[in-house]
């Protein structure tokens with residue numbers, strides 16, 4: 007089992023212009039989300055993110071080119087903090103199931119179903135946990151982080 011949680015807040019200066027993410031990725035750096043929210047650049051990632059041009063949280067899981075990316079119906083950002091959580095559970099010897107949460111509730115797709123991604127974990131690389139923010143316009147977008155928590159249970 008792998009779990010990550012962060013309590014974050016941000017408000018956009020230019021409507022729909024921020025790129026914001028929380029979760030695990032092999033490279034949480036300058037261009038985790040490319041300009042205009044075009045793509046996630048990590049090759050191994052489990053993220054809740056909001057991209058330039060949209061207003062909702064998205065759920066993302068990728069390993070070695072296999073990508074799952076689903077828009078939720080939950081509004082991202084605003085004047086209050088939101089608690090984001092990703093939970094990764096092994097379902098068999100080669101796959102994990104990723105579930106995404108905001109403020110203790112599962113993020114849901116356009117059909118009101120909780121978003122869950124199944125992902126093969128063979129050859130997955132090491133990942134960092136973090137919060138990412140990038141302005142999609144000339145204004146500064148500040149992401150405030152109250153806390154980040156991550157834990158993994160290893161079975162030998």
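Residue numbers (the numbering used here): 7 to 162.
From the three backbone atoms N, C-alpha and C, an ideal C-beta is built for every residue, glycine too.
Source: prediction; values computed, not measured.
Check this for me: beta carbons of residue i and residue j, under 7 Å apart or not?
i, j, result
"residue 121", "residue 76", "yes"
"residue 17", "residue 85", "yes"
"residue 26", "residue 136", "no"
"residue 104", "residue 94", "yes"
"residue 24", "residue 147", "yes"
"residue 44", "residue 62", "no"
"residue 52", "residue 29", "yes"
"residue 69", "residue 125", "yes"
"residue 14", "residue 149", "yes"
"residue 10", "residue 92", "yes"
"residue 67", "residue 48", "no"
"residue 106", "residue 54", "yes"
Which residues mark the beginning and the end of the beta strand (DSSP E) in which residue i is found?
i, result
"residue 52", "50-56"
"residue 101", "101-108"
"residue 89", "88-96"
"residue 123", "122-126"
"residue 14", "8-16"
In three-state terms, what does DSSP make of residue i?
i, result
"residue 1", "Here the chain covers residues 7 to 162 and nothing more, so residue 1 does not appear."
"residue 42", "helix"
"residue 132", "coil"
"residue 22", "coil"
"residue 117", "coil"
"residue 152", "strand"
"residue 82", "coil"
"residue 32", "coil"
"residue 139", "strand"
"residue 61", "coil"
"residue 47", "coil"
With respect to 6 Å, is the separation between the Cβ of residue i and the closest non-hydrogen atom of the ligand ADP below this value?
i, result
"residue 18", "Ligands are entirely absent from the displayed structure, and the ligand ADP is therefore not among its contents."
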